[in-house]
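A.B. asks:
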Amino acid sequence: MILLQCVQLSKSFGVEKILSNVKLEVQHRDRIALVGRNGAGKSTLLKIIAGELTHDSGDLIIPKNVSIGYLAQDTGLVSERSIWDEMLTVFQHLQEMEKSLRTLEEQMSDIHHPNYNKVLQEYDQLQQDFKDKGGYQYEADIRGILSGLNFSHFDYSTNIRSLSGGQKTRLALGKLLLTKPDILILDEPTNHLDIETLTWLEQYLSGYDGAVLIVSHDRYFLDRVVNQVYELSFHRTSKYMGNYTKYLEEKAKRLELERKKYEKQQDEIKKLEDFVQKNIARASTTNRAKSRRKQLEKIELLERPKEDSHSASFRFTIEKQSGNDVLVVENLTVGYDGQPFIKNLDLKLTRGESVALIGPNGIGKSTLIKAVSHKLEPLSGTIHYGSNVTIGYYDQEQTQLTSNKTVLQELWDDYPHTPEKDIRTVLGNFLFSGEDVLKIVADLSGGEKARLALAKLMMQKANLLLLDEPTNHLDLDSKEVLESALMDYPGTILFVSHDRYFVNRMATRIAELASEKITNYLGDYDYYLTKKLEQEEWRQLQAEKEAALEKTPASAPASSEKQTKHDYERDKELKKLERQRQRKVAELEKRIEEKEEQIAGWEEELCDPEVYQDHEKSLAINEALEKAKANIDAWLAEWEELQTEQ
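First residue of the sequence shown: 1, per UniProt numbering; consecutive thereafter.
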């Protein structure tokens, strides 16, 4: 079922064109990511769809019965109510129904009521409607959402006015999720969420019984949630099937194919033009030359494939290589105002490692990075640096930038002996060109400050990089460029990041920080998650085993011990079957996704005049399409059956 269509949608602000002939379609249970560089018009398109902005031309088609829920970027909930009372406002219609039920119950208590039978019928119907609309579970839904968004430890009578900006943003998201619209539109929903909350949101959106349209810079989140990507570039959209990683692969393939087609046509045109030029004047070949000229006139010229070249371009190098042992932290205690914040930590880095320091918000990751980079004096313990180690530090708060300097001065003052032309070249590589270098640092956007800080870091040529949230404020393209630069970096890296995609690509080791311990996992983020899941399953089994033993008295007969063991083995088998079911569900989802991508490719192929005019080829493709759709129907039926087994 089609829930929404954008047809040739255009929008300008004054003379500046933002959107041009945009096409987008949303169907039931679609999971769509809208991607594109900062300023491409993503948020503008979302606001048009949500009805907050008008469009200049084209059509926005939304059926009357389709509901839309929209969460703008960093929207904080403004309310004088308590957390619980504000969430209850979503279900005001159910509360009214509940009041009506209580009134009818009072009337039913009087069997002599003049309209007793009518009251009974009305009560039965209203009770059924109340049940169908979730009347008996809405309070549980509220608690589930609040728990998922990390409010379980809050007193729900807390006034929203007293909350932080990030907490208000999470509550705004929670309230929107409770409304359960047909189309859920989320602009950067992962801001202010820790990894645990992100994981919950991914699972929630994956099972959401509606369509989801998302703008997000969190690529791991997009990989886990979406099955389609619309890229907004050059004011218009291009559609790709699959998640974010698949989109990158398909985009590269599509660009290469378009480049080859363009180059092939240009070669053909050149050959025809050369033939005409050489033979038009000869009497013996003029007719053939005229024929080639007519052929040239009929050619439908392909556009040169457009690449958005407005991307940062840089690489990190080192002045000299460090020794094999780069950093040794022993029994380190760090804090503020003499009060310990993290205690007795040990950490070791060797040359060439890329170590991700992860842990919950507030555990002290940034504090540890500051201590290692000489920005914070330890309370006790030692920090040893290896031979020839030079440190480059990236501060997520950009405190190392001077607010009243220009961009040019900020970099040039640190390297006064470097010619201005070279400084401007470096800044140009970080997308500061022309008059941009004369901007005042205080007036820069978050993304611009991040790029300037990275430019300063690159110029240092340090062989140990300490990075605190380096991907914050960067658009998707800049993140890709940063990752490529760091993956080619010949030095050693210790970094803190909530960007799980970045961690997955960059980390050779995960160092999980607790208040008095660092636990190491030799692998990327996915490996870390797998090991954590295995540890949790083992702990649960041990807890169940201990609980079963506690319930069995020492003097109990042997038959009770056998029964306990039998129950334990049965529970273990049930868990094994559940894991098998989940793997089967994931496998079916993957098959369906791959087949849908194949179908999209065939349908696109049928639009090619050369294909649909070839009767045999188009017939073969149509037969393949029918077979593929039948396969999807069968897999969906199996998927639904597995879902009912939960």
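Ideal placement from N, C-alpha and C gives every residue a C-beta, glycine not left out.
1. Considering only DSSP beta bridges, list what E330 is partnered with.
2. Roughly how many angstroms separate the alpha carbons of P378 and A40, rounded to a whole number?
3. Kindly give me the distance between the Cβ atoms of I48 and L4, rounded to whole angstroms, as I take these residues to be in contact under 8 Å.
4. So what does E512 bridge to, in DSSP terms?
5. Using the three-state DSSP reduction, which class does K306 fall into: helix, strand or coil?
6. Using a Cβ-Cβ cut-off of 8 Å (strictly less than) and excluding sequence neighbours within five positions of E202, which residues of its own chain qualify?
7. Go ahead and pull the three-state DSSP assignment for A556.
8. Around the Cβ of F432, are there at least 16 other Cβ atoms within 10 angstroms (buried) or fewer (exposed)?
9. Please report the residue range of the alpha helix (DSSP H) in which F275 lies.
10. May I have the straight-line CA-CA distance separating Y204 from G69, to the nearest angstrom?
11. What do you reckon, are the CB atoms on R37 and D443 nearer than 7 Å?
12. Run through DSSP, which three-state label would E196 get?
13. Give me the Cα-Cα distance between A556 and S216, rounded to the nearest whole angstrom.
14. Between which residues of its own chain and R591 is the CB-CB distance below 7 Å, once the five residues before and five after are set aside?
15. Rounded to the nearest angstrom, what separates E353 and H384 at their Cα positions?
16. Note down the Cα distance separating D422 from F314, rounded to an integer number of angstroms.
17. Would you be able to state if there are at least three C-beta pairs under 8 Å between the region 390 to 399 and the region 457 to 467?
18. With distances taken from CA atoms, which of Y525, K365 and E196 is nearest N150?
19. Given a cut-off of 7 Å on the beta-carbon distance, is the pair R509 and Y525 in contact?
20. So is N404 buried or exposed if we call it buried at 16+ other beta carbons inside 10 Å?
21. Do you know how far the Cα of D182 is from the Cα of M1?
22. Between the beta-carbon of residue 654 and the beta-carbon of L619, is there less than 7 Å?
23. Excluding the 5 residues flanking L19 on each side, which residues of the same chain have their C-beta closer than 7 Å to its C-beta?
24. Pick out the complete beta strand (DSSP E) segments inside the region 15 to 77, 3 residues or longer, and give them in chain order.
25. What are the complete alpha helix (DSSP H) segments, minimum 4 residues, inside the region 389 to 466?
26. Taking Cβ to Cβ, would you say residue 665 is nearer than 7 Å to M458?
27. In three-state terms, what does DSSP make of R102?
28. Using the rule of at least 16 other Cβ atoms within 10 Å of the residue's Cβ for burial, across every protein chain shown, is E410 buried or exposed?
29. Bridge partners of T350, per DSSP?
30. Taking just the CA atoms, how far does K294 sit from V276?
31. Look at the Cβ atom of A514, then the Cβ atom of N520, and state whether they are nearer than 7 Å.
32. The beta strand (DSSP E) spanning V7 covers which residue range?
33. In whole angstroms, what is the alpha-carbon distance linking L467 and E300?
34. Can you tell me the Cβ-Cβ gap for Q400 and A453, rounded? I've got them flagged as a contact below 8 Å.
35. Taking the straight line between their C-alpha atoms, what separation do you get for K595 and T333?
C.D. replies: Let me spell this out:
1. For E330, the pairing in a beta bridge is given by DSSP as T382.
2. Between P378 and A40, the C-alpha separation is close to 45 Å.
3. Taking a contact as a CB-CB distance under 8 Å, the pair I48 and L4 does not count as one, their CB atoms being some 11 Å apart.
4. DSSP, once it has assigned bridges, lists I358 and T519 as partnering E512.
5. Correct three-state label for K306: coil.
6. Cβ-Cβ distances below 8 Å link E202 to F221, R224 and V225 in the same chain, with the five nearest sequence neighbours on each side left out; the list follows chain order.
7. For A556, the predicted structure reports a pLDDT of 49, less than 50, and the residue's modelled location is therefore unreliable. A value from the coordinates is still provided. Correct three-state label for A556: coil.
8. Counting every other CB atom within 10 Å of its CB across the protein chains shown gives F432 a total of 16 or more, marking it as buried.
9. Looking at the DSSP string, the run of the alpha helix (DSSP H) that includes F275 is Y244 to N279.
10. Going by C-alpha positions, Y204 is about 16 Å away from G69.
11. No. Outside cutoff.
12. Of the three classes helix, strand and coil, the one that applies to E196 here is helix, per DSSP.
13. Caution applies to A556, whose pLDDT of 49 falls short of 50 and renders its modelled position unreliable; the value that the coordinates give is listed next. The straight-line gap from Cα to Cα measures roughly 59 Å.
14. These residues qualify, in order along the chain: W635.
15. The C-alpha of H384 is placed about 17 Å away from the C-alpha of E353.
16. Rounded to whole angstroms, the gap between the alpha carbons of D422 and F314 is 14 Å.
17. Inter-segment contact for the region 457 to 467 and the region 390 to 399 is present: three or more beta-carbon pairs are separated by less than 8 Å.
18. Nearest C-alpha to N150: E196.
19. Going by C-beta atoms, R509 is not nearer than 7 Å to Y525.
20. By the neighbour-count rule (16 or more Cβ atoms within 10 Å), N404 is not buried but exposed.
21. Cα to Cα, the separation comes out at about 11 Å.
22. In the structure displayed, the chain extends from 1 to 646; residue 654 sits before or after that span and is not available.
23. Exclusion of the five residues before and after L19 leaves L9, S10, K11, G41, T44, L45 and H235 as the residues of its chain whose Cβ lies within less than 7 Å of its Cβ.
24. Qualifying beta strand (DSSP E) stretches, in chain order: 16 to 27, 31 to 35, 57 to 61 and 68 to 71.
25. Segments of the alpha helix (DSSP H) lying fully in the region 389 to 466: 407 to 412, 420 to 429 and 446 to 460.
26. Lying before the first or after the last residue shown, residue 665 is absent from the chain, which here runs from 1 to 646.
27. If DSSP states are grouped into helix, strand and coil, R102 belongs with the helices.
28. Result: buried.
29. Beta-bridge pairing links T350 to D325.
30. For V276 and K294, the distance between alpha carbons rounds to 10 Å.
31. Taking a C-beta distance under 7 Å as the contact criterion, A514 and N520 do not qualify as a contact pair.
32. Note, V7: beta strand (DSSP E), I2 to F13.
33. Cα-Cα distance, rounded: 51 Å.
34. The distance from the Cβ of Q400 to that of A453 is about 7 Å, consistent with a contact at the 8 Å cut-off.
35. Their Cα atoms are separated by approximately 54 Å.
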